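Q: Same order as they appear, the protein sequences are chains A and B.
All the letters of the first sequence, read from the start, carry residue numbers 4 to 225 under the working numbering.
All the letters of the second sequence, read from the start, carry residue numbers 4 to 225 under the working numbering.
Could you have a look at this structure, given as structure tokens, before my questions?
Number of protein chains: 2
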Amino acid sequence: MTIQVGFIVFPKVQQLDLTGPYEVFSEATSCDVHLVWKNLEPVRSTTGLDFTPTKTFVDCPALDLLCIPGGSGVNALMQDAEVLDFVRSRAASSRYVASVCTGALVLGAAGVLKGRRATTHWASHDFLEPLGAIPERARIVRDGNLFTGGGVTAGIDLGLTVLAEIAGRAEAEIIQLALEYAPEPPFAAGTPDTAAPAAVDAVVNERFAATLRARKAIVAAL
Amino acid sequence: MTIQVGFIVFPKVQQLDLTGPYEVFSEATSCDVHLVWKNLEPVRSTTGLDFTPTKTFVDCPALDLLCIPGGSGVNALMQDAEVLDFVRSRAASSRYVASVCTGALVLGAAGVLKGRRATTHWASHDFLEPLGAIPERARIVRDGNLFTGGGVTAGIDLGLTVLAEIAGRAEAEIIQLALEYAPEPPFAAGTPDTAAPAAVDAVVNERFAATLRARKAIVAAL
Chain A
4 MTIQVGFIVF PKVQQLDLTG PYEVFSEATS CDVHLVWKNL EPVRSTTGLD
54 FTPTKTFVDC PALDLLCIPG GSGVNALMQD AEVLDFVRSR AASSRYVASV
104 CTGALVLGAA GVLKGRRATT HWASHDFLEP LGAIPERARI VRDGNLFTGG
154 GVTAGIDLGL TVLAEIAGRA EAEIIQLALE YAPEPPFAAG TPDTAAPAAV
204 DAVVNERFAA TLRARKAIVA AL
Chain B
4 MTIQVGFIVF PKVQQLDLTG PYEVFSEATS CDVHLVWKNL EPVRSTTGLD
54 FTPTKTFVDC PALDLLCIPG GSGVNALMQD AEVLDFVRSR AASSRYVASV
104 CTGALVLGAA GVLKGRRATT HWASHDFLEP LGAIPERARI VRDGNLFTGG
154 GVTAGIDLGL TVLAEIAGRA EAEIIQLALE YAPEPPFAAG TPDTAAPAAV
204 DAVVNERFAA TLRARKAIVA AL
């Protein structure tokens with residue numbers, strides 16, 4: 004029985020949020036992986052790579068797993084009734100629901116996180132509570148059939164974790180080995196607790212500042 | 004001064020070999036990132052995602068970093084004089100040369116690894132020696148201006164390592180933090196030394212068997 008996996012893609016998606024877990028599921032023997040959006044026109048990620056959706060909201064098959072990646076485009080999605088309707092409806096009907104990075108905020112805006120434990124990118128963690136979630140700082144948070152991951156690269160950990168749940172641990176371990184996923188980060192800079200204060204400041208107050216400011220206003224208005 | 008980074012893209016590239024380090028360099032403030040191929044027609048990765056080249060071998064600018072991802076399509080590249088000529092010429096003129104996964108075998112087929120220490124995906128490591136390299140089992144191997152990485156996900160470690168060299172450690176740490184790269188692999192299955200023997204057998208003798216068999220004949224004939 005083939006496992007149906009649907010990733011929502013959208014303008015200004017963070018490409019590695021998508022391509023990390025996409026690689027995990029599409030390398031597995033048992034999965035059909037779909038890129039789902041309003042139409043089939045290519046969408047441009049934050050860093051310029053284009054992705055061509057393979058299914059629309061209308062013709063997307065029933066899903067075993069709905070997965071939402073993050074990115075600065077999440078701001079627009081949180082205010083987009085067509086997207087939120089699709090997310091709400093498919094979150095209710097899919098066996099498993101997952102998000103990577105700030106994809107969690109789209110689940111939150113759709114009302115899917117109400118009373119559920121969840122995580123997201125560290126720089127957007129404060130938005131979880133106003134969206135009704137019970138925030139938890141962890142790489143992966145599981146609450147029933149809901150898996151949320153931390154920022155960007157957490158999508159690889161999340162993909163393997165969810166694949167083990169859906170297709171069995173043996174398959175997940177084969178994929179982890181095929182992808183040689185035995186990471187050796189060159190620096191201890193991956194979280195705000197371990198990074199230099201100047202790096203935290205650069206991310207929050209420079210690189211992500213405009214997106215975070217706009218996001219704050221959007222969440223307050225929901 | 005903008006840093007010029009060129010990734011070769013090609014049919015049957017392993018997408019995460021490319022998209023991991025692509026994300027690192029394209030998030031950095033100082034880099035222009037190019038996808039380089041014979042022409043500008045989209046190429047399809049092993050798992051179905053399409054990538055549209057942005058430069059051809061003819062109009063590719065001078066590069067600070069040439070980086071070659073791997074994938075089953077490497078087999079064709081190792082026998083493609085047009086590709087090997089480009090690689091040989093740009094490896095000689097670029098400040099830094101890098102490969103992810105089996106991209107190293109393309110460098111090898113072009114003669115770039117002769118007498119140099121290098122690594123590649125664990126399942127293709129035995130091909131390094133016949134290509135003239137000094138094989139070294141490590142996540143990242145540096146030999147002068149040459150950086151080679153292990154399989155697939157090693158591209159993220161490699162990207163951050165090379166970014167630190169080119170743009171400085173502070174910038175690499177900002178990017179590591181922005182990508183929340185503090186990995187927590189769910190299983191200890193990322194290398195053949197730690198994975199279950201059944202997983203190693205599945206990768207070598209089932210999933211990758213046809214590609215490895217063809218690769219062996221190609222390397223023997225070079």
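The beta-carbon is built from N, C-alpha and C at its ideal position, and this holds for glycine as well.
It should be emphasised that the depicted structure is a prediction, and the values quoted were computed from it without experimental measurement.
Hey, Gly135 (chain A) and Gly118 (chain A) are a contact pair by Cβ (cut 8 Å); roughly how many whole angstroms apart?
A: Yes, they are in contact, since the Cβ atoms of Gly135 (chain A) and Gly118 (chain A) sit about 7 Å apart, within 8 Å.
Q: Taking buried to mean at least 16 other C-beta atoms within 10 Å of its own C-beta, is Thr156 (chain B) buried or exposed?
A: With 16 or more other Cβ atoms within 10 Å, it is buried.
Q: Within 10 angstroms of its Cβ, does Asn208 (chain B) collect 16 or more other Cβ (buried), or is it exposed?
A: Asn208 (chain B) should be labelled exposed.
Q: The alpha helix (DSSP H) with Tyr25 (chain B) in it runs from where to where?
A: Where Tyr25 (chain B) is concerned, the enclosing alpha helix (DSSP H) stretches over 18-30.
Q: In the DSSP output, what is Leu38 (chain A) paired with across the bridge?
A: Paired residues: A:Phe10.
Q: Less than 7 Å between C-beta atoms, sequence neighbours within five positions excluded: which residues of the same chain meet that for Val206 (chain B)?
A: Excluding residues within five positions, the ones whose Cβ falls inside 7 Å are Ala126.
Q: Of all the CB atoms in chain B, is at least one closer than 7 Å to the CB of Ala101 (chain A)?
A: Taking Cβ atoms only, chain B never reaches closer than 7 Å to Ala101 (chain A), which makes this a no.
Q: As an exercise, report each continuous beta strand (DSSP E) stretch of at least 3 residues that is fully enclosed by the segment 84-149 of chain B, in chain order.
A: With a minimum length of 3 residues, the continuous beta strand (DSSP E) runs that stay inside the segment 84-149 of chain B are 99-102, 143-146.
Q: Does DSSP put Lys219 (chain B) in a helix, a strand or coil?
A: In the structure shown, Lys219 (chain B) sits in a helix (DSSP, three-state: H, G or I).
Q: What does His128 (chain A) reach in chain B if we use C-beta pairs closer than 7 Å?
A: Those within 7 Å of His128 (chain A) in chain B number zero; the least Cβ separation is about 11 Å.
Q: Looking only at its own chain, which residues have a Cβ that is under 6 Å from the Cβ of Phe130 (chain A), when we skip the five neighbours before and after it?
A: The residues are Leu108, Val222.
Q: Identify each residue in the segment 181-195 of chain B for which the Cβ-Cβ distance to at least one residue of chain A is less than 8 Å, and report them in chain order.
A: Answer set for the segment 181-195 of chain B: Ala181, Leu182, Glu183, Tyr184, Ala185, Pro186, Glu187, Pro188, Pro189, Phe190, Ala192, Gly193, Thr194, Pro195.
Q: Mind checking which residues open and close the alpha helix (DSSP H) that includes Leu163 (chain A)?
A: Looking at the DSSP string, the run of the alpha helix (DSSP H) that includes Leu163 (chain A) is 157-170.
Q: Compare the beta carbon distance of Val12 (chain A) and Phe54 (chain A) with 7 Å and say whether it is the shorter of the two.
A: Taking 7 Å as the Cβ cut-off, Val12 (chain A) and Phe54 (chain A) qualify as a contacting pair.
Q: With a threshold of 6 Å on Cβ separation, who are the neighbours of Gln7 (chain B) within its own chain once the five nearest residues in sequence on each side are excluded?
A: Hits under 6 Å: Asp35, Pro64, Leu66, Asp67.
Q: Taking one C-beta from the segment 39-57 of chain B and one from the segment 95-105 of chain B each time, how about it: are there three or more such pairs within less than 8 Å?
A: Touching, no.
Q: Would Arg142 (chain A) pass as an interface residue toward chain B - the criterion being a Cβ-Cβ separation below 7 Å?
A: True, the Cβ-Cβ gap to chain B drops below 7 Å.
Q: Report yes or no: do the segment 183-201 of chain B and the segment 170-186 of chain A share at least 3 C-beta pairs separated by less than 8 Å?
A: At 8 Å Cβ cutoff, the stretches touch.
Q: Suppose contacts are defined by Cβ-Cβ distances below 7 Å. Is Ser75 (chain A) in contact with Lys15 (chain A) by that definition?
A: Going by C-beta atoms, Ser75 (chain A) is nearer than 7 Å to Lys15 (chain A).
Q: Got a sec: is the Cβ-Cβ distance from Val206 (chain B) to anything in chain A below 7 Å?
A: Yes, its Cβ sits closer than 7 Å to a Cβ of chain A.
Q: If we ignore side chains and look at the alpha-carbon of each, how far apart do Val123 (chain B) and Met4 (chain A) end up?
A: In the sequence as displayed, the identity of residue 123 (chain B) is Thr instead of Val. Rounded to whole angstroms, Thr123 (chain B) to Met4 (chain A) spans 34 Å at the Cα level.
Q: With respect to the beta strand (DSSP E) encompassing Leu43 (chain A), which residues constitute its N-terminal and C-terminal limits?
A: First-last for Leu43 (chain A): undefined, no H or E at that position.
Q: When you compare the CB of Leu19 (chain B) with every CB in chain A, is at least one pair closer than 7 Å?
A: Chain A, which has a Cβ nearer than 7 Å to the Cβ of Leu19 (chain B), makes this yes.
Q: Run through the segment 179-219 of chain A for me and flag every whole alpha helix (DSSP H) of 4 or more residues, listed as ranges in chain order.
A: Listed in chain order, the complete alpha helix (DSSP H) runs (minimum 4 residues) inside the segment 179-219 of chain A are 200-205.
Q: Taking buried to mean at least 16 other C-beta atoms within 10 Å of its own C-beta, is Pro133 (chain B) buried or exposed?
A: Looking at its Cβ environment, which holds fewer than 16 other Cβ atoms inside 10 Å, Pro133 (chain B) is exposed.
Q: Kindly indicate which residue of A:Ala191, A:Leu163, A:Leu166, A:Gly158 has the alpha-carbon position closest to the one of Ala175 (chain B).
A: When only C-alpha atoms are compared, the closest one is A:Ala191.
Q: Less than 8 Å between the CB atoms is what I'm expecting for Asn78 (chain A) and Ala217 (chain A), so what's the real figure, rounded?
A: Indeed they touch by this definition, with Cβ atoms about 5 Å apart.
Q: Looking at the secondary structure, which residues open and close the alpha helix (DSSP H) in which Leu80 (chain A) lies?
A: Looking at the DSSP string, the run of the alpha helix (DSSP H) that includes Leu80 (chain A) is 77-80.
Q: Cβ of Gln179 (chain A) less than 7 Å from any chain B Cβ?
A: Closer than 7 Å: yes.
Q: Answer with yes or no whether the minimum CB distance from Thr214 (chain B) to chain A is below 7 Å.
A: Chain A, which has no Cβ nearer than 7 Å to the Cβ of Thr214 (chain B), makes this no.
Q: So if I threshold CB-CB distances at 8 Å, which residues from the segment 93-124 of chain B count as touching chain A?
A: Listed by position, the residues of the segment 93-124 of chain B near chain A (Cβ gap below 8 Å) are Cys104, His124.
Q: Report, in whole angstroms, the separation of the C-beta atoms of Thr164 (chain A) and Ile143 (chain A), which I expect to be a contact under 8 Å.
A: Right, the Cβ-Cβ distance comes to about 5 Å (below 8 Å), so this counts as a contact.
Q: Counting C-beta neighbours from all protein chains within 10 Å, is the total for Gly171 (chain B) 16 or more, i.e. buried, or is it exposed?
A: When all chains shown are included, Gly171 (chain B) counts as exposed.
Q: For the beta strand (DSSP E) containing Leu69 (chain B), name the first residue and the last one.
A: Looking at the DSSP string, the run of the beta strand (DSSP E) that includes Leu69 (chain B) is 68-71.
Q: I'd like the list of long-range same chain contacts for Leu69 (chain A), defined as Cβ closer than 8 Å, with 5 residues on each side in sequence excluded.
A: Counting only Cβ-Cβ distances below 8 Å, and skipping sequence neighbours, we find Gly9, Ile11, Val90, Arg93, Ala94, Ser97, Tyr99, Val100, Ala101.
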